[in-house]
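Here the protein sequences line up with chains A and B, keeping their order. Per the numbering used here, the very first residue in the first sequence carries number 1; after that it's consecutive. Per the numbering used here, the very first residue in the second sequence carries number 337; after that it's consecutive. Report on one structure; see the data block that follows.
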Amino acid sequence: MSTRRALQLVLALIAVLVLVYPLLTSGSPVYSRLGALVLLAAIGASAWNIVGGYAGQVSVGHAVFFGFGAYSAVVVYTHLEWPPIAGAPIGMALSVLLAAVIGVPTLRLSGHYFSMATIAVAELVRVLSSTSEFLGGAQGLSGPPVPRGALDLSFISATPYYYIFLIVLAGLLGLTWWIERGRMGFYLRAIKDSERAARSLGVSAGNYKLQAYMLSAAFTSLAGSLYLTMFGFVDPESGFGILISVKMVVMAALGGAGQLLGPLIGAAILVPLEELSNSLLGGKGAGLTFVVYGAIIVIIARFLPSGLLSLVERRPTAPNSAAPKSTGKPVSGHAD
Amino acid sequence: MLRISRRVLVAGAPLAVLGVADESFAQDVVKIGAVYPLSGNSASAGNYSKMAMEVGADVINNGNAELAKILPLAKGGGVPGLKGAKIELIFADNQGTPAAGQNQTLRLISEEKVAAIIGAYQSGITVTASAMAERYGIPFVTPESVASNLTERGFKWFFRVTPVAIDFAKAYSMFLKEQKAAGRKVDSVALVHENTEYGNSVSSVIAEVFAKDGLNITQKISYSANSTDVQPQVLQLKEKNPDVAIFISYTSDAILYTKTMKELNWKPAIMIADDAGFNDPSFVKTMSSLVEGLISRSAFAVGKPGTVPYIFNELFKKKADVDLDDVSARALEGFLVLADAINRAGSTEPAKIQAALKATNLPADQMVTGYDGVKFDDKGQNVLASSLITQMRGGQYVAIWPKARATADVILPYKGW
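Written out as structure tokens, the structure is:
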């Protein structure tokens, strides 16, 4: 009980820190921006977590939805002169549609085959986008160079971005939490542990996987639109590149895939690590950044294979590893 | 306690004023931020550009007797306009992503307090990096990004030194008109281009400029750079037999065209290749014996001994073990343009550097690259940016046009194999 109290206290403290972070870093634009970057990455990784973590369907092609979001935002600006953020709902709708189109045939595939199919789709879209004049071809498209009004969401300070991203992330995590506690959460975890067992107990596995995939796609797309409003540029590589998909997976896995706060924790470690190592070492020009970055990932993967949150979760009540009995009652103990 | 702090204040005030005044008159260093791809796909280009700029900074800081005869800034002892402040280049890795480019630009501005920024090689990254510099009001010079929309954004702090597609097209046009004046036939021109962004945009700009200049494009052939067979295209050319053929190609297709033209034994009297594939070291290595007399373009050619490009190339070779090339020479040029502006600004204040950049007027003989000089228009584009025209001679390209910077005469018709 007392450890749980302490944990709650720590969580409360972290929540307060997250809320006032921009005030603490107001003197340093770089650190202030770093906070926004962490939250943006956390939105993407948390969105991936719904299908990749909870449902255990490891998509390595989520960049396709991210790119849809980013391109929808920039396309409504380029072709209709709307504020980029107006493209967000369009991107989300298209992504949900695409997720359904991809998901129906590919979610039947299991294990690595699903991952491979998602990579294939993302790469295909990347290549197609680089030949489409409407999408700016290989050169990409830029958002408004100078803000035309408040709706363009173009700010010098990172603070407004920080709070916009924070609100979106809070909404996404709230939704994920609600799903996790509800019927769907149990079904997803059951599917993850053993799809065959879940089906035999009457869970409509295909249906729930598809729902998770579509929901995940929508929020990944929103992350893409937010990315565009902040950076103001997207080309096939920065929209649909495989590195974007991989980063979502790595962040979620590092913090703890299938756990509510796992992706956020992964992002809070990897994004600063990436930025700071690049700032400190990048200028030397030896590619040292990625050596250090990679080494740290390897070390964490070696010693904490189920993510950093497993440090906290390592209690006798955590039954997640025991696959056969993980449907039904015992899981609720875990959800507390 | 109070008394002490008061005394400190009283004593400190004049010192502080002196300190501030001191700083604005004599700086020991002036920091220039450089955002380049130092890792990732384009790392090689970025790292050579970095070395080229370091050679430039070394010449300004420590001097070079030979260059000092031509370049006012090469006398050594730092930037004269800033009382001998040394130039310090601060490099940041854009990692080949627009996001990293923008993040690093912010760091250079807010943490390193650079006076100006140079970068960022890839056009897409220049878009995001320069947008950050624009928001903070810091001059941003791009020595090499060619995307046409970069100068169409209405930015006040953005300057581009490199020539763009229209400059290449103008160079080809002028070159061909000179050949016409010299009695060679240029009545029919064929444009052969690969069908993605690069090929499409360059060919349409060439078509526009040629139409204005009265050069007849009689044939346009677009093809996919991944083709494994270009016989139909070459046969089309053979049938019409144009006087001039211009190729806009990547590497593998350039090789394919070269082989196929030999097989089908057709060659135009003047064959022009727009840089890219035909200038790729792997093309030059394997195919150069089949394209003797091929005409291409480059921003850089070594030039005659005693000229700026020649001396810089010698310095660069000592550091990097290779010659300056199209990309690294343009980076060095951009750096020298910025250094010249900072010198004339006599200040590290961004607004004064911006004003000095706007007033830039550098003559052709001070150029490392083959430009006619440097002078910016209202959009920040260098209006004197132009291209050298080169010709393949015994395995390497030599400068043949314009006359003033040529190291060899034009030899026509095209010999091929």
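Glycine included, C-beta positions come from ideal geometry on N, C-alpha and C.
| query | result |
| --- | --- |
| Beta-ladder partner(s) of Asp-429 of chain B, from DSSP | B:Tyr-372 |
| Where Ser-622 of chain B falls, given that 16 or more other Cβ within 10 Å makes a residue buried | The question names Ser, yet the displayed sequence has Thr at residue 622 of chain B. Classification for Thr-622 of chain B: exposed. |
| Residue burial classification, Gly-519 of chain B (beta-carbon count within 10 angstroms, cutoff 16) | exposed |
| Segments assigned beta strand (DSSP E), at least 3 residues, entirely inside the segment 445–471 of chain B | 452–455 |
| Neighbour list for Thr-587 of chain B in chain A, Cβ cutoff strictly below 8 Å | The premise fails here: Thr-587 of chain B is roughly 16 Å from chain A at the closest Cβ pair, so nothing lies under 8 Å. |
| Short Cβ contact (8 Å threshold) for Ala-517 of chain B with Gln-555 of chain B | no |
| Own chain, CB closer than 8 Å to Asp-536 of chain B, minus 5 neighbours either side, in chain order | Asp is not the amino acid found at residue 536 of chain B; the sequence shown has Asn there. Within the same chain, Asn-536 of chain B has close Cβ partners His-529 and Ser-558. |
| Contacts that Gly-433 of chain B makes with chain A (C-beta to C-beta distance below 7 Å) | For clarity, residue 433 of chain B is Thr in the given sequence; the question names Gly instead. What Thr-433 of chain B touches in chain A: Ser-238. |
| DSSP bridge partner residues for Thr-478 of chain B (one or two, in chain order) | B:Arg-496 |
| Where the alpha helix (DSSP H) through His-112 of chain A begins and ends | 112–129 |
| Interface flag, Phe-303 of chain A vs chain B, CB-CB below 8 Å | no |
| Gln-57 of chain A versus Ala-253 of chain A: straight-line alpha-carbon distance, rounded | 13 Å |
| Rounded C-alpha distance that separates Pro-604 of chain B from Val-570 of chain B | 11 Å |
| Span separating the alpha-carbon of Leu-748 of chain B from that of Ser-130 of chain A | 39 Å |
| C-beta neighbour in chain B for Ser-279 of chain A, strict 8 Å | yes |
| Short CB-CB distance (under 8 Å) between Gly-392 of chain B and chain A | no |
| Classification of Ala-401 of chain B by the beta-carbon crowding that lies within 10 angstroms, buried from 16 upward | exposed |
| Under 7 Å from the C-beta of Ile-164 of chain A: neighbouring residues of chain B | Residues of chain B passing the Cβ test: none, with the nearest at roughly 17 Å. |
| 7 Å CB neighbourhood of Thr-441 of chain B in its chain, flanking five on each side removed | Val-371, Ile-453, Ala-465, Met-468 and Ala-469 |
| Partners in chain C for Glu-123 of chain A, counting only beta-carbon separations shorter than 9 Å | Although the question refers to chain C, the structure presented lacks it and instead comprises the protein chains A and B. |
| 6 Å CB neighbourhood of Ser-326 of chain A in its chain, flanking five on each side removed | Note that Ser-326 of chain A scores 40 on pLDDT, short of 50, meaning its location in the model is unreliable; the coordinates nonetheless yield the value given after this. The residues are Asp-193. |
| Phe-155 of chain A, DSSP secondary structure in three states | coil |
| Exposure label - Ala-393 of chain B; buried when at least 16 CB within 10 Å | buried |
| Neighbourhood of Trp-332 of chain B by C-beta distance below 6 Å, restricted to the same chain and skipping five residues each side | Chain B is shown only over 337 to 753; residue 332 of chain B falls outside these bounds and no answer can be derived. |
| CA nearest to the CA of Ser-722 of chain B, picked from B:Phe-504, B:Gln-458 and B:Ala-609 | B:Phe-504 |
| Close Cβ partners of Gly-752 of chain B (< 6 Å) along its chain, the five nearest in sequence each way excluded | Lys-603 |
| Contacts of Leu-660 of chain B in chain A (Cβ-Cβ under 8 Å) | The contacting residues do not exist; Leu-660 of chain B stays about 18 Å from chain A at best. |
| Cβ pair Ala-436 of chain B, Asn-278 of chain A closer than 8 Å | yes |
| Ile-156 of chain A: contacting residues in chain B (beta-carbon distance under 8 Å) | Arg-471 and Tyr-472 |
| Minimum Cβ-Cβ distance from Gly-716 of chain B to chain A less than 8 Å | no |
| Val-463 of chain B at chain A interface by Cβ criterion, 8 Å | yes |
| Interface flag, Gly-490 of chain B vs chain A, CB-CB below 8 Å | yes |
| Close beta carbons around Val-746 of chain B, own chain, < 6 Å, minus the five adjacent residues each side | Ile-736 |
| Environment of Asp-589 of chain B [buried if 16+ CB atoms lie within 10 Å] | buried |
| Beta-carbon neighbours of Ala-138 of chain A, restricted to chain B and to distances below 7 Å | Thr-532 and Glu-533 |
| Spatial neighbours of Lys-688 of chain B in its chain, beta-carbon cut-off 8 Å, leaving aside the 5 residues before and after | Ala-681 and Gly-682 |
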